[in-house]
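Protein chains in written order, with the working numbering: chain W, 6 to 378; chain F, 41 to 558. All C-beta atoms, glycine included, are put in the ideal place defined by N, C-alpha and C. Contents: one structure, followed by commentary.
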Amino acid sequence: MAKLFERRLTPADSPLAIFATTAGAFLAAMFVTSFLFLSYDASPFQAYFALFHEPFGTLRGFGYSLVRTSPLALIALGTIVSWRSGFSYLGFEGCFVIGASATAWLALLTAPGARIGPLPFFLFLPLAIVFGFVAAGIWAGLVGLVRARLGGNEVLISLMSNYVAIFILQYLVSGPMRAPGSLPETKLLPRSTWLPFIIPGTRAHAGILIAIAAAILVWMLLQKMPLGYELIVTGFNASAARYAGIDVGRRILLAAFFAGGLGGLAGMVEVLGSQHRVMDGISGGVGFVGIIVALLARLNPVAVIPTALLYGGMSVGADAMQRRVSIPSSITFILQSLAVLLVSAFDALRYYKINFSVFSRRTPPPVAEEVSK
Amino acid sequence: MKHTLEMRNIVKRFPGVLANNNVNLTIQAGEIHALLGENGAGKSTLMQILYGFHSMDSGEILIDGERVRLGSPKDAIALGIGMVHQEFMLVRRFSVVENTVLGLREGGALLDLQRASEKLKELSNRHGLALDPAAIVGSLPIGVQQRVEILKLLYRDARLLILDEPTAVLTPQEKDQLFAVLRKLREDGRSVVLVTHKLAEIMEIADRVTVMRDGQVVATRMIGSTSGQELTRLMVGREVNLRADKSNQKAGAPILQIEELRVQDETGHEKVRGLSLEVHAGEILGIAGVDGNGQSELAEAIMHLREIESGRVLLKGTEVTRLSVAQHRAAGISYVPADRRHVGSVTEMSVADNAILGLQRKYTRGLFRGIREARESALGLVTRFGIRTAGIDFAAGKLSGGNLQKLILGREIMRGSAALIVEHPTRGLDVGAVEAVWGELLRARQEGKAILLISAELEELLNLADRIAVMFEGRIMGVVDAAGASVEEIGLMMAGIAPGAAPAAGRQIKETRHGETL
Numbered sequence: 006m007a008k009l010f011e012r013r014l015t016p017a018d019s020p021l022a023i024f025a026t027t028a029g030a031f032l033a034a035m036f037v038t039s040f041l042f043l044s045y046d047a048s049p050f051q052a053y054f055a056l057f058h059e060p061f062g063t064l065r066g067f068g069y070s071l072v073r074t075s076p077l078a079l080i081a082l083g084t085i086v087s088w089r090s091g092f093s094y095l096g097f098e099g100c101f102v103i104g105a106s107a108t109a110w111l112a113l114l115t116a117p118g119a120r121i122g123p124l125p126f127f128l129f130l131p132l133a134i135v136f137g138f139v140a141a142g143i144w145a146g147l148v149g150l151v152r153a154r155l156g157g158n159e160v161l162i163s164l165m166s167n168y169v170a171i172f173i174l175q176y177l178v179s180g181p182m183r184a185p186g187s188l189p190e191t192k193l194l195p196r197s198t199w200l201p202f203i204i205p206g207t208r209a210h211a212g213i214l215i216a217i218a219a220a221i222l223v224w225m226l227l228q229k230m231p232l233g234y235e236l237i238v239t240g241f242n243a244s245a246a247r248y249a250g251i252d253v254g255r256r257i258l259l260a261a262f263f264a265g266g267l268g269g270l271a272g273m274v275e276v277l278g279s280q281h282r283v284m285d286g287i288s289g290g291v292g293f294v295g296i297i298v299a300l301l302a303r304l305n306p307v308a309v310i311p312t313a314l315l316y317g318g319m320s321v322g323a324d325a326m327q328r329r330v331s332i333p334s335s336i337t338f339i340l341q342s343l344a345v346l347l348v349s350a351f352d353a354l355r356y357y358k359i360n361f362s363v364f365s366r367r368t369p370p371p372v373a374e375e376v377s378k
Numbered sequence: 041m042k043h044t045l046e047m048r049n050i051v052k053r054f055p056g057v058l059a060n061n062n063v064n065l066t067i068q069a070g071e072i073h074a075l076l077g078e079n080g081a082g083k084s085t086l087m088q089i090l091y092g093f094h095s096m097d098s099g100e101i102l103i104d105g106e107r108v109r110l111g112s113p114k115d116a117i118a119l120g121i122g123m124v125h126q127e128f129m130l131v132r133r134f135s136v137v138e139n140t141v142l143g144l145r146e147g148g149a150l151l152d153l154q155r156a157s158e159k160l161k162e163l164s165n166r167h168g169l170a171l172d173p174a175a176i177v178g179s180l181p182i183g184v185q186q187r188v189e190i191l192k193l194l195y196r197d198a199r200l201l202i203l204d205e206p207t208a209v210l211t212p213q214e215k216d217q218l219f220a221v222l223r224k225l226r227e228d229g230r231s232v233v234l235v236t237h238k239l240a241e242i243m244e245i246a247d248r249v250t251v252m253r254d255g256q257v258v259a260t261r262m263i264g265s266t267s268g269q270e271l272t273r274l275m276v277g278r279e280v281n282l283r284a285d286k287s288n289q290k291a292g293a294p295i296l297q298i299e300e301l302r303v304q305d306e307t308g309h310e311k312v313r314g315l316s317l318e319v320h321a322g323e324i325l326g327i328a329g330v331d332g333n334g335q336s337e338l339a340e341a342i343m344h345l346r347e348i349e350s351g352r353v354l355l356k357g358t359e360v361t362r363l364s365v366a367q368h369r370a371a372g373i374s375y376v377p378a379d380r381r382h383v384g385s386v387t388e389m390s391v392a393d394n395a396i397l398g399l400q401r402k403y404t405r406g407l408f409r410g411i412r413e414a415r416e417s418a419l420g421l422v423t424r425f426g427i428r429t430a431g432i433d434f435a436a437g438k439l440s441g442g443n444l445q446k447l448i449l450g451r452e453i454m455r456g457s458a459a460l461i462v463e464h465p466t467r468g469l470d471v472g473a474v475e476a477v478w479g480e481l482l483r484a485r486q487e488g489k490a491i492l493l494i495s496a497e498l499e500e501l502l503n504l505a506d507r508i509a510v511m512f513e514g515r516i517m518g519v520v521d522a523a524g525a526s527v528e529e530i531g532l533m534m535a536g537i538a539p540g541a542a543p544a545a546g547r548q549i550k551e552t553r554h555g556e557t558l
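Shown next as structure tokens:
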């Protein structure tokens with residue numbers, strides 16, 4: 006009685022199986038979303054063409070995609086560091102605005118006539134990276150401290166800390182850092198602090214290079230360094246980590262600091278590369294979409310870059326879709342969320358294998374044959 | 041009324057393994073039938089099929105010649121088949137009677153605990169299982185909890201009781217009580233299947249024994265016509281020497297000293313109460329005791345994995361009491377914890393990664409991990425300790441218990457520490473693996489390591505240890521030379537009766553402890 010689908014004891018975990026289920030889930034999400042397009046009397050094919058042609062088929066659109074990719078990738082990398090260390094941090098929205106505000110503050114100090122005065126870019130950039138990283142790292146580290154020392158629940162605390170950070174930002178842009186004018190935003194940052202544009206004729210800036218460098222560094226940390234080994238052991242099994250002489254509390258604190266720092270870099274890249282000022286609502290949910298990207302990339306730092314590009318591109322394509330076939334761009338968000346849901350659901354498929362022998366009736370399984378007599 | 045159970049030509053495949061290959065097993069009414077086999081021999085699978093946990097690929101199960109279908113444990117219970125698992129399936133906060141009726145729905149929507157209590161009392165009197173139906177299960181000793189499990193089955197009128205490693209957690213005295221109960225069940229015409237790998241117990245109580253190896257039944261024997269030696273050979277497939285040959289060797293200088301140690305558990309109960317011990321170079325000091333008498337807390341406190349209230353730990357005369365775990369390891373104490381899957385290893389990671397657990401700062405190249413060196417050492421462990429694995433990139437969690445234990449033990453021995461703390465090193469391992477682990481421990485002893493061996497298996501301690509300290513409620517009841525030790529004496533100390541106390545006094549204490557549970 007061979008069944009077509011036979012249950013495995015452990016899930017198939019080859020890269021091919023993982024890629025196939027992920028891709029399958031994404032296609033299924035697109036299929037389900039097609040029905041939403043139909044409700045707007047639009048052809049799903051046209052809609053998907055609009056969705057993907059603009060970001061990946063045009064140079065200008067591709068430049069915008071890269072702009073959206075960098076902060077997403079950096080936040081996804083932060084998610085990977087913290088989650089693989091067993092620290093379920095969700096406060097990236099907050100880290101993003103803290104990093105953005107800190108960088109903007111530093112950049113404004115280098116305006117002509119300000120306290121520091123103009124700095125050459127090659128001096129300013131490392132300073133901004135360290136500054137944005139450390140500020141947001143300390144911000145997330147506070148949550149790490151509560152978890153490591155007092156045993157608090159980092160999920161709740163980090164989620165709530167997002168609101169605190171956003172209130173801090175609102176205070177800054179409507180108070181001490183407010184530019185003269187009616188909108189709650191800072192002055193335009195000095196041109197000398199902007200990240201250089203890297204593809205002529207587009208808005209693509211050097212932030213993507215920072216994101217790629219960060220992905221390589223995170224990969225090296227987790228795969229090649231003893232500290233990364235200790236973080237991963239801590240994440241898998243805190244008792245085993247303690248047994249191995251690893252100071253679990255400190256590792257969690259460090260993971261929180263790194264994660265927050267990467268979230269802060271996302272804010273820095275957005276401010277120096279794209280917005281060139283800080284305003285209320287600058288984060289716009291990127292801190293959560295970044296987590297989704299990390300999940301879709303299965304917490305693998307190398308897979309983060311293409312996944313972030315896909316999601317960044319889709320958010321660019323959403324606008325084009327709205328223009329070209331007048332479908333609300335928010336449908337894209339439904340598609341993105343469905344993809345994550347289905348990717349988790351499709352994991353169940355890796356517990357099954359297909360018995361092709363069912364199709365060739367002539368050879369029943371050998372043992373069953375022996376026994377049935 | 042006769043109840044004969046027959047399993048015919050049972051085949052069960054798991055992906056990549058043939059867990060049961062044409063297994064035949066017959067169990068007569070009123071017999072105690074032992075099912076013997078190494079881990080992975082297929083005995084658990086067979087029992088889980090019988091209990092309705094797994095479906096079989098082919099084969100049939102007959103009761104009194106009639107074919108029955110076992111789709112779920114519910115079917116099994118309805119047919120009078122019950123199982124006592126190694127880990128008890130009890131709700132600790134519920135009373136005995138509440139646990140008993142759990143899932144039964146006898147009175148429809150209404151719960152009649154009064155009637156159930158009376159039935160339970162009547163059952164416990166009839167079978168000699170003294171028990172108070174109103175007692176909260178969590179407050180009962182392990183041996184009594186086991187009785188609750190057995191009573192649960194009798195309440196459902198199970199005719200066939202499957203007991204999975206029932207004596208693993210019992211003192212020798214509790215074991216005797218359990219066996220008395222099993223004999224009563226046999227007189228009553230009920231059948232008992234005893235899944236175990238303890239030969240002595242099989243020889244003591246079983247009527248027949250079926251030996252399994254590699255998914256097949258290799259033999260079924262009447263107990264009268266077989267011997268422990270033959271059974272071992274059948275089970276392992278070769279001659280095994282489980283009498284460890286301990287070389288005569290004089291213990292050296294004291295290496296590990298523990299002075300007046302006091303340790304609490306998470307709930308603030310004192311689990312180690314002013315305990316002092318000394319372990320010498322080239323000596324195995326055994327710690328006997330029923331689980332839960334502070335042995336784990338002691339081991340963890342020595343490594344400072346657990347907060348120490350007071351007292352000192354010295355290694356080669358230097359105080360290490362409150363150094364960090366990493367510093368303990370660096371100073372020269374290795375530790376093989378009891379829980380090899382949740383503490384001693386990271387099951388999600390590869391064998392190679394587990395081979396450097398605790399040594400991750402040793403295998404480095406500048407800022408980076410010395411991955412090649414680590415892999416070489418992992419390969420070394422695999423060959424030196426005979427670890428059977430598909431490769432060092434294989435997830436450690438997929439190793440069998442014995443191979444995982446060899447990996448952990450090997451890693452801790454190869455660190456070159458002066459002192460080695462080993463907790464329940466052979467729990468749940470099959471005979472072949474036990475033999476290997478024992479050999480390695482004796483080899484480490486010969487190399488002059490000071491070994492603290494915590495075990496609940498008296499046989500293991502008597503075979504390996506030079507001295508045996510018996511632990512009861514956080515204290516050492518006494519230390520005896522393993523060479524001249526008697527099981528009775530150690531057993532009494534494990535139950536909290538000081539050596540030299542008059543036997544009558546001993547009985548009295550036992551009775552009052554008994555009374556508490558009534």
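With a 10 Å radius around its C-beta and 16 neighbouring C-beta atoms as the bar for buried, classify residue i as buried or exposed.
i	result
phenylalanine 127/W	exposed
glutamate 189/F	buried
lysine 290/F	exposed
tyrosine 168/W	exposed
phenylalanine 512/F	buried
valine 348/W	buried
leucine 201/F	buried
Which class does residue i belong to by DSSP, given the choice of helix, strand or coil?
i	result
glutamate 13/F	Chain F is shown from 41 up to 558; residue 13/F falls before or after that span and cannot be answered.
lysine 52/F	strand
leucine 558/F	Confidence at leucine 558/F is low in this model, with a pLDDT of 36, below 50, so the placement of that residue should be treated as unreliable; the coordinate-derived value is given next. Here leucine 558/F sits in coil by DSSP.
proline 131/W	helix
proline 333/W	coil
isoleucine 204/W	coil
alanine 1/W	A query on residue 1/W cannot be resolved here, the shown segment of chain W reaching from 6 to 378 and no further.
isoleucine 287/W	coil
isoleucine 296/W	helix
Report yes if the C-beta distance between residue i and residue j is below 8 Å; otherwise report no.
i	j	result
isoleucine 80/W	leucine 258/W	no
serine 98/F	asparagine 49/F	yes
glutamate 106/F	phenylalanine 241/W	no
alanine 473/F	isoleucine 453/F	no
valine 257/F	glycine 514/F	no
asparagine 443/F	threonine 466/F	no
phenylalanine 390/W	threonine 108/W	Missing from the structure shown is residue 390/W; chain W here goes from 6 to 378 and no further.
Following the continuous beta strand (DSSP E) through residue i, name the residue where it begins and the one where it ends.
i	result
aspartate 521/F	515-521
phenylalanine 512/F	507-512
glutamate 106/F	106-108
glutamate 323/F	323-328
asparagine 62/F	57-67
So with CB distances below 9 Å, who are the chain A contacts of residue i?
i	result
valine 257/F	Protein chains in the displayed structure are W and F, and chain A is not among them.
Flag residue i as yes when its Cβ comes closer than 7 Å to any non-hydrogen atom of the ligand ZN, and as no otherwise.
i	result
glycine 292/W	The model on display carries no ligand, and the ligand ZN is accordingly not part of it.
### Task
Report yes or no: do three or more beta-carbon pairs, one from the stretch 59-67 of chain W and one from the stretch 189-201 of chain W, lie closer than 8 Å?
no
### Query
Does the pairing of the stretch 176-196 of chain W with the stretch 45-58 of chain W give three or more beta-carbon distances under 8 Å?
Because the criterion of three Cβ pairs below 8 Å is not met, the stretch 176-196 of chain W and the stretch 45-58 of chain W do not touch.
### Message
Quick test of the definition: if touching needs 3 or more C-beta pairs under 8 Å, does the stretch 71-84 of chain F touch the stretch 250-258 of chain F?
### Response
yes
### the stretch 159-177 of chain F contacting the stretch 103-123 of chain F, beta-carbon criterion three pairs below 8 Å
no
### Query
Looking at C-beta atoms only, is the number of pairs between the stretch 533-540 of chain F and the stretch 194-214 of chain F that lie closer than 8 Å three or more?
In short, these stretches touch, since the Cβ pair count reaches three.
### Query
Counting pairs of Cβ atoms below 8 Å between the stretch 415-424 of chain F and the stretch 353-373 of chain F, do you hit three or more?
No contact exists between the stretch 415-424 of chain F and the stretch 353-373 of chain F.
### Query
Are there three or more Cβ pairs, one per stretch, closer than 8 Å when the stretch 65-76 of chain W is compared with the stretch 200-216 of chain W?
yes
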